[in-house]
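In our numbering, the protein residues as written are 2 to 326. Don't be surprised by glycine CBs; every beta carbon is placed ideally from N, CA and C. What follows is one structure encoded as structure tokens, with my remarks underneath.
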């Protein structure tokens, strides 16, 4: 009996010892797992942090390259950004802007629409898409988006006037001008444009001392009212420094309100008449109709610089001289 009791005690002690060993093993294994898990979390955190740093560096490089007009290099940096963090809204927007500057409009539109899907109410994206459609001369699409912008911000409805005129829809342009006038949202430039659009189509009161060649051009223009004939007449009047440049350029704005050339000539005529503030208004209206023509833009800016110089406005002189460069 004593022997059996001793054996039972030994068996019980062994079981207790085994429990202790097992418990130590379990805690040791669990502790080791926790340590390894913690190392993994730290490592993942470090990887994420490095990815964000690389992303920010590449994005900054892309912005820098775009600023110096190196658009292809900017796109290469954006591609690396996209590999790190795919389909980020800001990256898609930047892709679109760089392709726009490279005049690759299908790509610009594709990335712009992808960005818009992520942020449909973004005004800057919407305005960018208007610029793409405008450059592509798809004025119907541009108008649709500009209407949406105008609904959100009534002060931006004025851009619709220019788009309607570029789309040869004078009636809709006048309707928007009326709405803006009723809401007291007409800017000085739009007020000036409105006056030109509502100007009665009277026969210009030209001076009598026109040269024979100018007389011939004037008569042809009066008969046919064609823009090519007006262009020839205005060019000759400008070269001869003739006072009738103002008369015919004003008639040109009334007849062809979406043609930037007539505003340029009107600005020149007003500057010659020392009506510099009016010249600036007319030139700023006209430049909104310039699409993808750097030479014509520079001519507008040069004439605007002349007007601001005459007014002694050095701040705006410097501003528009930078645009020329």
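* To do: Buried or exposed for residue 315, please, with buried defined as at least 16 other CB atoms from any protein chain shown within 10 angstroms of its CB.
  => exposed
* To do: Work out the CA separation of residue 51 and residue 26 for me, nearest whole Å.
  => Interpretation of residue 26 is limited by its pLDDT of 45, a score under 50 that renders its predicted location unreliable; no figure is taken from the coordinates.
* Asked: Can you name the start and end residues of the alpha helix (DSSP H) that residue 305 belongs to?
  -> 295-312
* Drop a sphere of 10 angstroms on the beta-carbon of residue 182, count the other beta-carbons inside from all chains shown, and report buried for 16 or more, exposed for fewer. => exposed
* With a cut-off of 8 Å, does the C-beta of residue 189 fall near any C-beta of chain B? -> Looking for chain B here will not work: only one protein chain is present.
* To do: Kindly list the residues whose CB is nearer than 7 Å to the CB of residue 250, restricted to its own chain and excluding five residues on each side of it in sequence; keep chain order.
  => 235, 263, 266, 267, 270
* Closest residue to residue 285 among 141, 293, 273, 300 (Cα-Cα distance) -> 300
* Output the distance between the C-alpha atoms of residue 261 and residue 224, rounded to the nearest integer angstrom. => 23 Å
* Three-state secondary structure (DSSP) at residue 65? -> helix
* To do: Verify whether the separation of the beta carbon atoms of residue 166 and residue 308 is less than 8 Å.
  => no
* From the DSSP output, in three-state form, read off residue 291 for me. => coil
* Which parts of the segment 59-120 are runs of the alpha helix (DSSP H), unbroken and 4 residues or longer, counting only runs that do not cross its ends? -> 72-85, 90-102, 106-119
* Asked: Do the segment 114-122 and the segment 79-87 touch if we need at least three Cβ pairs shorter than 8 Å?
  -> no
* Asked: At what residues does the alpha helix (DSSP H) containing residue 130 begin and finish?
  -> 124-136
* **Own chain residues within Cβ distance below 7 Å of residue 175, not counting five before or after** => 198
* Exposed unless 16 or more other CB atoms sit within 10 angstroms - verdict on residue 245 -> buried
* First through last residue of the alpha helix (DSSP H) which encompasses residue 141 -> 140-153
* Asked: With 16 other CB atoms within 10 Å as the buried threshold, where does residue 66 fall?
  -> buried
* **Check whether residue 104 and residue 140 have beta carbons under 8 Å apart** => no
* Could you give the distance in angstroms between the alpha-carbon of residue 39 and the alpha-carbon of residue 53? -> Note that residue 39 scores a pLDDT of 47, beneath 50, so its modelled location is shaky; the value from the coordinates is reported in the next line. Each residue's Cα considered, the two are about 21 Å apart.
* Asked: Any idea what DSSP makes of residue 236, helix, strand or coil?
  -> helix
* **residue 323, buried or exposed, once every other Cβ within 10 Å from all chains shown has been counted against 16** => exposed
* **Three-state secondary structure (DSSP) of residue 170** => coil
* To do: Count the other CB atoms, across all protein chains shown, that sit within 10 Å of the CB of residue 158; report buried if there are 16 or more and exposed otherwise.
  => buried
* To do: Have a look at residue 133 and residue 216 and give me their C-alpha separation to the nearest angstrom.
  => 42 Å
* Asked: Does DSSP classify residue 200 as helix, strand or coil?
  -> coil
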